[in-house]
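**Student:**
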Amino acid sequence: MLKVSEFQVKDVVNVSDGKKLGNIEDFEISINTGKIEAVIIGGHGKVLGFFGRDDEVVIPWKNILKIGEDVILVRCNTEISVSKESEEEQ
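Numbered per our numbering, the sequence shown spans residues 11 to 100.
(1) Can you give the beta carbon distance from GLU66 to ILE51, rounded, assuming they're within the 8 Å contact cut?
(2) I need the straight-line Cα distance from LYS20 to GLY78, nearest angstrom please.
(3) Along the beta strand (DSSP E) that carries VAL68, what are the first and last residues, could you check?
(4) My assumption, with CB atoms under 8 Å, is that VAL23 sits in contact with LEU83. Please give the rounded CB distance.
(5) Where DSSP assigns a beta bridge to LEU83, which residues make up the other side?
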């Protein structure tokens, strides 16, 4: 069993292009089933959560291929799954 804090320190790598996406910042959990629906990778370049980009990558749980010691391997199309918080507010 893994703790949330253990997920947050693992690098998330997209096997489609080999790029590091970042680290898990949050989870989407179904209220009905209690299962994790997706993981959220925070935006890059933020300082203390205030300055920088607000991009986040939402990866459905089914797209997680392997959870290893130091890395989580996923398959995703980042062009589709990147969202800006500022766009959601408008």
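Even for Gly, the Cβ is constructed at its ideal location relative to N, Cα and C.
**Tutor:** Taking the structure as given:
(1) Contact between GLU66 and ILE51 holds, since their C-beta atoms are separated by about 6 Å, short of 8 Å.
(2) Between the alpha carbons of LYS20 and GLY78 lies a distance of about 8 Å.
(3) Here the beta strand (DSSP E) through VAL68 covers 65-70.
(4) Contact holds; Cβ gap of about 6 Å.
(5) In DSSP, LEU83 forms a bridge with VAL23, LYS76.
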